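Visitor: Sequence positions in the sequence shown follow this note's numbering and run 10 to 138. Please find one structure pasted underneath; my questions will follow.
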Amino acid sequence: MKRPQSISVIFTIVILAVALMGFKTEPVLQSQTFESKENMSDQTVLGRELFGMWVKKDDPKKIILFRPNYTMAEKVKGKIEEYKWSVKKGEKLEVCIGDTDCIPYEITDSTLSLFMNNERVVYVKPRQE
10 MKRPQSISVI FTIVILAVAL MGFKTEPVLQ SQTFESKENM SDQTVLGREL
60 FGMWVKKDDP KKIILFRPNY TMAEKVKGKI EEYKWSVKKG EKLEVCIGDT
110 DCIPYEITDS TLSLFMNNER VVYVKPRQE
């Protein structure tokens with residue numbers, strides 16, 4: 010009776026070994042993984058900090074809204090204009106809105122500063138109530 014059990018155990022081990030050897034792995038170099046993540050983050054995250062609504066600090070009736078689909082709405086005196094926008098990464102971060110030149114900007118969690126015509130224009134995030 011012991012002989013058939015040992016044959017079945019050996020047979021099961023051989024089948025298991027053959028099945029596990031069928032999986033092929035290829036080594037992944039650390040540099041390859043890092044490069045792909047770096048490129049992906051530049052493409053997907055660039056400009057993400059701009060998403061949302063911003064209200065001009067000294068003129069609360071002027072509102073800009075940066076959407077994740079890279080369209081922007083600007084509301085001034087009840088009139089709404091739509092534009093495409095993108096971010097240009099260089100020495101300084103710049104936002105390009107519509108067909109205009111790119112505008113340098115600085116951003117924190119609650120303020121957005123645009124530098125237009127040698128002037129700093131400050132926008133703030135509205136309070137969530």
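Built from N, CA and C at the ideal position, the CB exists for glycine as well. This one's a predicted model, so the numbers in the text were calculated from it and none came from an experiment.
1. What is the DSSP secondary structure of THR117, reduced to helix, strand or coil?
2. By Cβ distance below 8 Å, which residues in the same chain neighbour LYS97 in space, the five residues on each side in sequence not counted?
3. Can you name, in chain order, every residue of its own chain whose Cβ lies under 8 Å from the Cβ of TYR132, other than the five neighbours on each side?
4. Closer than 6 Å by C-beta to ARG76: which residues in its own chain qualify, once you throw out the five before and the five after it? Chain order, please.
5. If I follow the unbroken beta strand (DSSP E) through GLY61, where does it start and stop?
6. To the nearest angstrom, how far is the alpha carbon of MET10 from that of VAL18?
Guide: Straight from the coordinates:
1. Working through the sequence shown from its first residue, we reach residue 117 at position 108. Looking at THR117 - three-state DSSP - the assignment turns out to be coil, as it is neither helix nor strand.
2. Translated into positions along the sequence shown, residue 97 becomes position 88. Excluding sequence neighbours, LYS97 sits near GLU103, VAL104, CYS105, CYS111.
3. By 1-based counting over the sequence shown, the position of residue 132 is 123. These residues qualify, in order along the chain: TRP63, VAL64, LYS65, LYS66, ILE73, THR120, LEU121, SER122, LEU123.
4. The residue given as residue 76 occupies position 67 in the sequence shown. Excluding sequence neighbours, ARG76 sits near nothing in its chain.
5. Counting from one through the sequence shown, the residue named residue 61 turns up at place 52. Segment 61-65, the beta strand (DSSP E) holding GLY61.
6. As a first step, residue 10 is located in the sequence shown; it is residue number 1 there, counting from the start. As a first step, residue 18 is located in the sequence shown; it is residue number 9 there, counting from the start. Confidence at MET10 is low in this model, with a pLDDT of 48, below 50, so the placement of that residue should be treated as unreliable; the coordinate-derived value is given next. Using only the alpha carbons, I get a separation of about 13 Å.
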